[in-house]
Amino acid sequence: MRAETSWRAIAVALGLYGASLPATLVGSGAALAQSAPAQSQSTPAEAASTGTTVELPTVEVVATTPLTGTGIDVDRVPSTVTIISAEEFNRLHSFSTIDALVQYTPSANSTDVQGNAFFQDFRFRGFAASPLQGTPQGLAVYQNGIRVNEAFGDTVNWDLIPEVAIDRAEVFTNNPAFGLNALGGAVSIQMKNGFTYHGFEGSVQGGSFGQIGGSIQYGGEKDGVGLYIAADAVRDDGWRKQSPSELARFYGDLGWKGDKGELHLVASAASNSLGVVGPTPVEMLAADYNSVYTWPQTTQNDMGMLALNGRYDLSDTWQLQSNLYVRRFKQSHVDGNDADLENCSNKWNPGVGKTKMCLEEDQFTGPAGGGNPLSNPQYAAFRSQMVLYDQSGNTIPFNELASNQLYGVINRTWTDTTTYGGSVQATSTDKLIGHDNYFVVGGSVDYSTVNFKSSTELGITDINTLGVAGTGTYLQNKPNYSLPEEYQVFYLPVNLDATTTYYGLYATNAFDMTDRATLTMGARLNIAQITMQDASGTSPQLNGDYTFARINPVIGLTYKITSDVTAYGGYSESNRAPTPLELNCADPNRPCLLENSLVADPPLEQVVSHTYEAGLRGASKLFGGNVSWKLGLYRVDSDDDIIALASEQTGYGYFTNVPATRRQGFEAGLQYANGPWKFYANYAYIDATFQFSGTLASPNNPLATDGEIFVTPGDHIPGIPAQTLKFGADYMVTDKWKVGGDVIAVSSQYYVGDESNINPMLPGYWVANVRTSYQVTPNIQVFGLINNLFNQKYASYGTFFDTEYLGLSNAQMQTPGQPLSAYAGLKATF
């Protein structure tokens, strides 16, 4: 039988693992947390002597740092915390990790940029944890205390985390202890082990668009040794054209525990192929909702990780936690695109002529034209850089194509990253001057080596299918280094070696000033060292060494107004160092294909966020059931925020600092459980704005002036909906039959590329999902679910494109949402 059938048994196991405290289910929704019985004026012995029943109050306990420790009562944490249980992940019957994170976190939403359920952004309070290179990242993500933001671009590949193996997830705000990139917050995911999960479970499910998948998990313990293994696999043809995906993931934990400590050897692996077809022009979607704009577009992710983590009780009040790990991540990306190519010029390329292939010069910033090569040699030198050569150094013919063909390109990237890291932390619950106190001090080191390669292959696009077929010819130009830097053009293959070393040292202290008030203070020192070296021998401008350092403070206060209601408030700072990708792609005069080419650029500044937060939360009995709720206000002011901007050259872009941005809002959450009913609701409002005046590039924006737009304070940041509402319920019709459903409603947002808010907005949407399960026997369950029950047509992402390639008139592109889909499955539990 699964462990969750006996909460008392799980409580004992969790009390032994990682010095965490017993787990208790509180209400419904996102409410499974580590917990422990609080002190009561009546002891169990006293209760027995009087013959009375004593109900101990529930205390939710969370670890407020990446490493789990003894934990602290959530009512002593001066910020909002969302806790999502294994049960909440399981009830959605989804292979995607972020589905539950989005559904149960008030200020969270997902953005489907690439059109793949396993390759979506998780966004919280307007900050992103995205798998897409080119998306500025603003959330730190940890798995068992190990940072999983990738070294090259701080991306987060959610597809690598097997949902079936998740024990719980916690979403934090206002906490610099989570280190670099925690501008908007952090997600900490704890996985199962043999002491927290007992039994065997196997499931298989399938349904719409050719999806078939399954998972297994087993956990148990004997004589102080625990074993947990889990694996899942899924194949999905994709509901859009040319978008199949295949995932295979494994997670294993071999643990040992004694009287004073425990040790775990953890292995994790994944090999996933993802069809990521991206946004499509709205004119094409109107004609065919599942159409795609150029293909192939695929991403292959492969990951393997070994980790050793443990804890040791130094005394009754001091505990030591630590981990060591090595992680290898390899990613390859293939992206068929349109191309900005033309005949060379007899006038400006006299040694080449118009029968050869050149880049379109108006996509680059150059000196004033006019005259001829003799009278204007600088412009002639600039135009010479437009000539394209193949891998053997020969010029390339510009041939007339068939009426159904256009020139295209296939961009390829390869990223190979190996990361070694470790962290150590000590926690103390010693009293301080007679008052309860919770002290944590720790440090971490993460060292990564990265090799990044890219190439661009000439292709032929079939305008009927928009498939791009490779020709075997790889494109490159010859930059003219004698020109001023702003006129130099780089269209080259890349071979870049990089190392990143991230150091962290932190301490936090929560001091109970009274039995109602707790003061929290702390700080973290972050040091980021980044070194880059050209490995091709042809691009020395890529070489660079950068160091970023900062101390980020936190201070906060909680006050227990009544036994059921707590108020909190706090202030914190966090920082994010530019990644190797961003540092080598930050010049508007020399843009790069965000997933392809890199060039040397002016250095970016690190981003610093300032978070102010206050709110109320509580839990009590109501109408015979358990209710928990929270209300919160926040403001996050970011200095030197990094954003991505498009270039005039199709598919190219660059990163830049903007002086200031602000994300502020209100969020509310409610969970209720009573007998056969469980219900939750989450609402969030966010006002995400720029706080500066200036000009930004947006060449494909149809209302831009000469490819530029002017931003003023108060203009909304694109891609962030102002409001989200999420609610759902489950009902036990009988002791064997359960039904449930969820609804998510999202308001309108501005198209990415419309930072000045001058275009119509991407419309809001709502989606309803329903599910049911029936326990055929104590060990066998059948289940079914329908997503997008009312077959809504919607998009969570929109941007602009150059309409000239296909002769379209509307520059808007959208990534459409998945239509109605149904799935059914069978689960066996022993």
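Taken in order, the sequence shown gives residues -33 to -1, 1 to 797; the numbers are from mature numbering (1 follows the signal peptide of the UniProt record, and there is no 0).
Backbone N, C-alpha and C fix where the C-beta goes; we use that ideal spot for every residue, glycine too.
The model shown is predicted, which means the values in this text are computed figures rather than measured ones.
Notebook entry, point to check: Do residue 799 and SER395 have their C-beta atoms closer together than 9 angstroms?
Noted result: Residue numbering for the chain in the displayed model covers -33 to 797; residue 799 lies beyond these limits and cannot be assessed.
Notebook entry, point to check: Where do the N-terminal and C-terminal ends of the alpha helix (DSSP H) with VAL69 fall, by residue?
Noted result: Per DSSP, VAL69 belongs to the alpha helix (DSSP H) from 65 to 71.
Check: Any contact of the region 673 to 685 with the region 720 to 740, i.e. 3+ C-beta pairs under 8 angstroms?
Finding: Contact between the region 673 to 685 and the region 720 to 740 is present, because at least three Cβ pairs lie under 8 angstroms.
Checklist line | Span separating the alpha-carbon of ASN476 from that of ILE753 | finding: Distance between the alpha carbons of ASN476 and ILE753 is about 47 angstroms.
Notebook entry, point to check: In three-state DSSP terms, what is residue 858?
Noted result: Given a span of -33 to 797 for the chain in the structure shown, any question on residue 858 remains unanswerable.
Note to self: With three or more beta-carbon pairs closer than 8 angstroms as the criterion, would you say the region 411 to 418 touches the region 334 to 351?
What the structure shows: Judged by Cβ distances under 8 angstroms, the region 411 to 418 makes no contact with the region 334 to 351, as fewer than three pairs qualify.
Note to self: Considering just the uninterrupted stretch of the alpha helix (DSSP H) at ASN57, what are its terminal residues?
What the structure shows: Residues 53 to 58.
Next item on the list: Give the secondary structure of MET353 by DSSP, where H, G and I count as helix, E and B as strand, and everything else as coil.
Entry: Reduced to three states, the DSSP call for MET353 is coil.
Next item on the list: Would you grab the beta carbon distance between PHE145 and ALA132 for me? Rounded to a whole angstrom, and I think it's under 8 angstroms.
Entry: Not a contact, Cβ separation roughly 22 angstroms.
Next item on the list: Just list the beta strand (DSSP E) runs in the region 486 to 563, keeping only unbroken ones of 3 residues or longer that don't cross its boundaries, in chain order.
Entry: Secondary structure in the region 486 to 563: the beta strand (DSSP E) runs of 3 residues or longer, each lying completely within the stretch, are 511 to 527 and 532 to 543 in chain order.
Notebook entry, point to check: Measuring CB to CB, does ILE51 end up less than 9 angstroms from THR72?
Noted result: A contact, by the Cβ cut-off of 9 angstroms.
Margin query: Considering only their Cβ atoms, is the gap separating TYR647 from GLN638 smaller than 9 angstroms?
Written below: One thing to note: GLN638 has its Cβ within 9 angstroms of the Cβ of TYR647.
Next item on the list: Note down the Cα distance separating ASP329 from ALA335, rounded to an integer number of angstroms.
Entry: Rounded to whole angstroms, the separation of the alpha carbons of ALA335 and ASP329 is 11 angstroms.
Note to self: By the DSSP assignment, the alpha helix (DSSP H) with MET251 in it spans what residues?
What the structure shows: In the DSSP assignment, MET251 falls within the alpha helix (DSSP H) that extends over 249 to 254.
Margin query: Please report the distance separating the alpha-carbon of ARG629 from that of PHE657.
Written below: Taking the Cα positions, ARG629 is about 6 angstroms away from PHE657.
Next item on the list: Starting from ARG602, trace the beta strand (DSSP E) both ways and give me its first and last residue.
Entry: Segment 592 to 613, the beta strand (DSSP E) holding ARG602.
Check: To the nearest angstrom, how far is it from the Cα of ASP606 to the Cα of THR481?
Finding: Spanning the two alpha carbons is a distance of roughly 36 angstroms.
Notebook entry, point to check: In or out: TYR374 buried (at least 16 other Cβ within 10 Å) or exposed?
Noted result: By the 10 Å Cβ count, TYR374 comes out buried.
Next item on the list: Spell out the partners DSSP gives GLU168 in its beta bridges.
Entry: Partner(s): GLN184 and THR796.
Notebook entry, point to check: Is ALA465 closer than 9 angstroms to PRO547 when the C-beta atoms are compared?
Noted result: Yes, Cβ-Cβ distance for PRO547 and ALA465 is below 9 angstroms.
Item checked: Range of the contiguous beta strand (DSSP E) that encloses ALA132 -> According to the DSSP assignment, ALA132 belongs to no beta strand (DSSP E), since it is labelled neither H nor E.
Margin query: Output needed for GLN267: all residues of its chain with C-beta closer than 6 angstroms, excluding positions within five of it in sequence on either side, in chain order.
Written below: SER240 and SER299, listed in sequence order.
Item checked: LEU729 vs GLN716 beta-carbon contact at 9 angstroms -> One thing to note: LEU729 has its Cβ within 9 angstroms of the Cβ of GLN716.
Notebook entry, point to check: Given ASP682, which residues of its chain have a CB within under 8 angstroms of its CB, disregarding the five upstream and five downstream residues?
Noted result: So the list reads THR656, PHE657, GLU722, SER723 and ASN724, once near-sequence residues are dropped.
Note to self: DSSP three-state label for PRO364, please.
What the structure shows: Residue state, collapsed to three classes: strand.
Check: Out of THR438, PRO688 and ALA393, which has the shortest C-alpha to C-alpha gap to ASN290?
Finding: If we check each option's Cα against that of ASN290, ALA393 comes out closest.
Next item on the list: Tell me whether ASP199 is buried or exposed, calling it buried when 16 or more other Cβ atoms sit within 10 Å of its Cβ.
Entry: Only buried fits ASP199, as 16 or more other CB atoms lie within 10 angstroms of its CB.
Margin query: Can you tell me where the beta strand (DSSP E) holding GLY687 begins and where it ends?
Written below: It should be pointed out that residue 687 corresponds to Ile in this sequence rather than to Gly. For ILE687, no beta strand (DSSP E) run applies, since DSSP gives it neither H nor E.
Check: When DSSP labels each residue in this structure, what does VAL123 get in the three-state scheme?
Finding: It is coil, neither helix nor strand.
Check: Is it true that the region 164 to 181 meets the region 85 to 104, where meeting means three or more beta-carbon pairs spaced less than 8 angstroms apart?
Finding: Three or more beta-carbon pairs separated by less than 8 angstroms are not found between the region 164 to 181 and the region 85 to 104, which leaves the two stretches without contact.
Next item on the list: Within its chain, find whatever has a CB closer than 8 angstroms to the CB of ALA95; leave out the 5 residues flanking it on each side and keep chain order.
Entry: Correct list, in chain order: THR78, ASP88, PHE89, THR102, PRO103, GLN104, GLY105 and LEU106.
Next item on the list: Closer than 8 angstroms by C-beta to MET780: which residues in its own chain qualify, once you throw out the five before and the five after it? Chain order, please.
Entry: Sequence-distant Cβ neighbours of MET780 in its own chain, meaning closer than 8 angstroms and more than five residues away, are PRO246, THR247, PRO248, VAL249, TYR260, GLY765, THR766, PHE767 and PHE768.
Notebook entry, point to check: Taking the Cβ atom as the reference point for each residue, do PHE167 and SER155 lie within a distance shorter than 9 angstroms?
Noted result: No.
Notebook entry, point to check: Quick one: Cα of residue 800 to Cα of GLN358, how far?
Noted result: Look at the range of the chain in this structure, -33 to 797, and you will see that residue 800 is not part of it.
Note to self: By the DSSP assignment, the beta strand (DSSP E) with GLY112 in it spans what residues?
What the structure shows: Element bounds for GLY112: n/a, residue is neither H nor E.
Next item on the list: Below 8 angstroms on the Cβ atoms is my guess for GLN157 versus ASN111; work out the distance and round it to an integer in Å.
Entry: Right, their Cβ atoms sit about 6 angstroms apart.
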